[in-house]
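These protein sequence lines map, in sequence, to chains A and X.
So the mapping is simple: the working numbering equals the position in the first sequence, first residue as 1, plus 615.
So the mapping is simple: the working numbering equals the position in the second sequence, first residue as 1, plus 68.
We treat Cβ as the ideally placed atom computed from N, Cα and C, and that holds for glycine.
Okay, structure first, notes after.
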Amino acid sequence: MNSKDFNGKRIYNKVMVIDDTPTDRYIAKESIKRYSFAREVIEMNSAEEALEYLESMINTPDGLPELIFLDIQMPEMDGFDFLEKYGQLPELVQNNCIIMMLSTSLNSVDHRRAEGNRFVKRFLQKPLNRSQLAELEKAA
Amino acid sequence: METITLNKKLPGHDQMLDQQLKTHGDQIKKQSDSIMNYILVCMYLAGFALAPFYNTWTVSLEVGSLSLLAYYSTKFLLPESNLYQYVLSAVFGIFMAQYIYQMHGLFEMHFFAFIGSAILIAYQNWKLQLPLMIVVTIHHAIFGYLQYLGDGHIYFTQLEYMSLQTFIIHVALAAAIFFICGLWAYNLRKNTSESLAKTYEIVKLQEETKQKELLEAANEELKKSNLELDKFVYSVSHDLRAPLASMKGIVELSMEDTEDEMMLEHFNLLSNNIEKLDGFILDILEYSRNTRAEIKQEDINFKEITDDIINNLKYMNGSKDKIEMSVDINQKEAFLSDKSRLNIILSNLISNGIRYQNAKIDNPYIKVMIESDISGSSISIKDNGIGIKKELHNKIFDMFYRVSSQSNGSGLGLYIVKEAVGKLNGEINVISELNIGTEFRIFIPNVRQMNE
Chain A
616 MNSKDFNGKR
626 IYNKVMVIDD
636 TPTDRYIAKE
646 SIKRYSFARE
656 VIEMNSAEEA
666 LEYLESMINT
676 PDGLPELIFL
686 DIQMPEMDGF
696 DFLEKYGQLP
706 ELVQNNCIIM
716 MLSTSLNSVD
726 HRRAEGNRFV
736 KRFLQKPLNR
746 SQLAELEKAA
Chain X
69 METITLNKKL
79 PGHDQMLDQQ
89 LKTHGDQIKK
99 QSDSIMNYIL
109 VCMYLAGFAL
119 APFYNTWTVS
129 LEVGSLSLLA
139 YYSTKFLLPE
149 SNLYQYVLSA
159 VFGIFMAQYI
169 YQMHGLFEMH
179 FFAFIGSAIL
189 IAYQNWKLQL
199 PLMIVVTIHH
209 AIFGYLQYLG
219 DGHIYFTQLE
229 YMSLQTFIIH
239 VALAAAIFFI
249 CGLWAYNLRK
259 NTSESLAKTY
269 EIVKLQEETK
279 QKELLEAANE
289 ELKKSNLELD
299 KFVYSVSHDL
309 RAPLASMKGI
319 VELSMEDTED
329 EMMLEHFNLL
339 SNNIEKLDGF
349 ILDILEYSRN
359 TRAEIKQEDI
369 NFKEITDDII
379 NNLKYMNGSK
389 DKIEMSVDIN
399 QKEAFLSDKS
409 RLNIILSNLI
419 SNGIRYQNAK
429 IDNPYIKVMI
439 ESDISGSSIS
449 IKDNGIGIKK
459 ELHNKIFDMF
469 YRVSSQSNGS
479 GLGLYIVKEA
489 VGKLNGEINV
499 ISELNIGTEF
509 RIFIPNVRQM
519 NE
């Protein structure tokens, strides 16, 4: 793990945000930056792009993000499709990244699906903000 | 033809069937009547055919005409009654007597009685045999006796003497024929009306099956469109809520970027309105789900539901922390009901309690008391909040009714609660006084109780 403790507070080295909405990506990135949650935020426009990136980092595990914030509703390939493909990635990648699903969804089916998935650690409500990051930190 | 009463009482003896039977009866009557016209004419003419034998022209004219007159006048004067059929039966007897006389007692003429008896089967009424039998009997008795006494002009029979044995056989055979014809008439009618009833039942069953199929098809359509509506509502709600979430996020970030009081105030207003809109969308979603969802029956754990609700209320805008929440559950028996609707009821009422608390007092509280026994569950949610004016106690359950435009609610909350309570066959009452507090009392019957 590359995260270092800083005044008792944990900072991640790399986290990834997968969201097709620019505003939401911005909000996530800004919040993370302001809260000093992570040193680097990798923005991904789509699930496909994210998968490509992850695959390209197989041989350089340092490049893999420690945390992935995954939006559910995305065109073409949505959050759950991503999880399916993610399951086919080598274990090295899967062990490296923890996934948080981010959504405005109230649908209990979505909730259950997310929580039932072995890769998803948490289901968060948008927008990603300080208090949620603080809680994540406590729980980690 | 008189109305048919069936020996067997068929289930659902209804008007349609009676109507059909009556129509059938009328048909038979009409057919038989037209046949009788031909037969009577033939019989009338037969009288003239026999006249040359013994020069009985007057008899054939007078008796024949009288008979026909009797029949047609009865038929004409009393068309609704079937008395004319009985007259016809008697007329057959009279023609027989006429022919016997015209042939001076020729034994074979007696056969006309049996011909008449058989013809009468057409009306499918065994009672028509009776007039014929009576006329024949009276005629035989009187004329036979008179001839026996020595009246030479009677010409009843050509026999000098008939032994008792012959006589008895004669009577027995005649009775047999009348009986058989009567029986056939009766059976015919019974069979036709029974088969009519049977066909009617079959047709009715076919109709019912068709109706059932149509209903099932309509049901399937409804289920499908409900599903589509659910999907539509889901995607619309997401498309409405996602930008709101984005707005919320930006507002939060902006609030961190300034210490300017005016700006913060502006952002606060923005934030409130975003919450309002979001709450409205959530309420509409809830309402849409609530009205159309099927009522489930599951074992209810009230503690689980209330714990969940209180947990989720963390996300509600402020003020929750100040309020003292107490939950008292006394569940004596297993309670079967619809969990999601109970959730809706409790969460709406509890969040209302939070929203409408009295900011001026020191100890705002919400007391939730639930008593559950075999008859059902009594739920009480009591607070010492701002209360509701007496005049408005009925209005608060109206759709989109909000107590003040300042309030954050959408006006759907209590409406949804009332709907949910109604769907569970329960009752809801409000006890409240302005600035003192409010209590909502709900009773939900135990589904088990209702099923028993």
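CA-to-CA distance, residue j to residue i, given in whole angstroms
i: residue 95 of chain X; j: residue 261 of chain X; result: 13 Å
i: residue 520 of chain X; j: residue 345 of chain X; result: With a pLDDT of only 49 at residue 520 of chain X, under the threshold of 50, the placement of this residue in the model should not be trusted; the figure read from the coordinates follows. Their Cα atoms are separated by approximately 45 Å.
i: residue 400 of chain X; j: residue 407 of chain X; result: 18 Å
i: residue 91 of chain X; j: residue 162 of chain X; result: 32 Å
i: residue 732 of chain A; j: residue 713 of chain A; result: 12 Å
i: residue 479 of chain X; j: residue 409 of chain X; result: 18 Å
i: residue 350 of chain X; j: residue 305 of chain X; result: 8 Å
i: residue 498 of chain X; j: residue 360 of chain X; result: 26 Å
i: residue 287 of chain X; j: residue 486 of chain X; result: 27 Å
i: residue 429 of chain X; j: residue 506 of chain X; result: 15 Å
i: residue 445 of chain X; j: residue 404 of chain X; result: 10 Å
i: residue 235 of chain X; j: residue 205 of chain X; result: 13 Å
i: residue 690 of chain A; j: residue 391 of chain X; result: 43 Å
i: residue 454 of chain X; j: residue 426 of chain X; result: 5 Å
i: residue 225 of chain X; j: residue 265 of chain X; result: 49 Å
i: residue 626 of chain A; j: residue 651 of chain A; result: 7 Å
i: residue 159 of chain X; j: residue 140 of chain X; result: 11 Å
i: residue 431 of chain X; j: residue 504 of chain X; result: 13 Å
i: residue 239 of chain X; j: residue 271 of chain X; result: 48 Å
i: residue 727 of chain A; j: residue 269 of chain X; result: 53 Å
i: residue 83 of chain X; j: residue 249 of chain X; result: 31 Å
i: residue 437 of chain X; j: residue 448 of chain X; result: 5 Å
i: residue 636 of chain A; j: residue 323 of chain X; result: 22 Å
i: residue 315 of chain X; j: residue 510 of chain X; result: 38 Å
i: residue 744 of chain A; j: residue 354 of chain X; result: 26 Å
Min CB distance residue i to chain X below 7 Å
i: residue 602 of chain A; result: Here chain A comprises residues numbered 616 to 755, so residue 602 of chain A is not present and cannot be evaluated.
i: residue 634 of chain A; result: no
i: residue 639 of chain A; result: yes
i: residue 625 of chain A; result: no
i: residue 653 of chain A; result: no
Test: residue i CB closer than 7 Å to a CB of chain A
i: residue 443 of chain X; result: no
i: residue 316 of chain X; result: yes
i: residue 402 of chain X; result: no
i: residue 285 of chain X; result: no
i: residue 313 of chain X; result: yes
i: residue 481 of chain X; result: no
i: residue 77 of chain X; result: Residue placement at residue 77 of chain X is flagged as unreliable, the pLDDT there being 46, under the threshold of 50; a coordinate-derived value is accordingly withheld.
Proximal residues of chain A, C-beta to C-beta of residue i below 7 Å
i: residue 488 of chain X; result: Near residue 488 of chain X there are no residues of chain A at all, since even the closest Cβ is about 17 Å away, more than 7 Å.
Partners in chain A for residue i, counting only beta-carbon separations shorter than 9 Å
i: residue 309 of chain X; result: 719, 720, 721 and 741
Neighbouring residues, chain X, relative to residue i (Cβ below 7 Å)
i: residue 645 of chain A; result: 321
Residues that residue i contacts on chain X, provided the C-beta gap is smaller than 9 Å
i: residue 649 of chain A; result: 321 and 324
Amino acids of chain A, ordered along the chain, whose beta-carbon sits closer than 8 Å to that of residue i
i: residue 265 of chain X; result: The contacting residues do not exist; residue 265 of chain X stays about 55 Å from chain A at best.
Neighbouring residues, chain C, relative to residue i (Cβ below 8 Å)
i: residue 306 of chain X; result: The structure shown contains no chain C; its protein chains are A and X.
*asked:* Under 8 Å, CB to CB, which of the residues in the stretch 317-333 of chain X have a partner in chain A?
replied: 317, 318, 320, 321 and 324
*Using a Cβ-Cβ cut-off of less than 9 Å, give me the residues of the stretch 732-749 of chain A that come near chain X, in sequence order.*
Cβ contacts with chain X: 740, 741, 742, 743, 744 and 745.
*Mind checking the stretch 343-377 of chain X against chain A and listing, in chain order, the residues whose C-beta falls within less than 8 Å of any C-beta there?*
Residues of the stretch 343-377 of chain X with a C-beta less than 8 Å from any C-beta of chain A: 350 and 353, listed in chain order.
*Please specify which runs of the beta strand (DSSP E), each continuous and at least 3 residues long, are wholly inside the stretch 335-402 of chain X, giving them in chain order.*
Fully enclosed beta strand (DSSP E) runs of 3 or longer: 392-399.
*What beta strand (DSSP E) runs, 3 residues minimum, are completely inside the stretch 418-460 of chain X?*
Listed in chain order, they are 433-441 and 444-451.
*Could you name each continuous beta strand (DSSP E) segment of 3 residues or more that falls completely within the stretch 647-704 of chain A, going from the start of the chain to the end?*
653-659 and 682-686
*4-residue-minimum alpha helix (DSSP H) runs that sit fully inside the stretch 81-105 of chain X, ordered along the chain*: You should have found no qualifying run.
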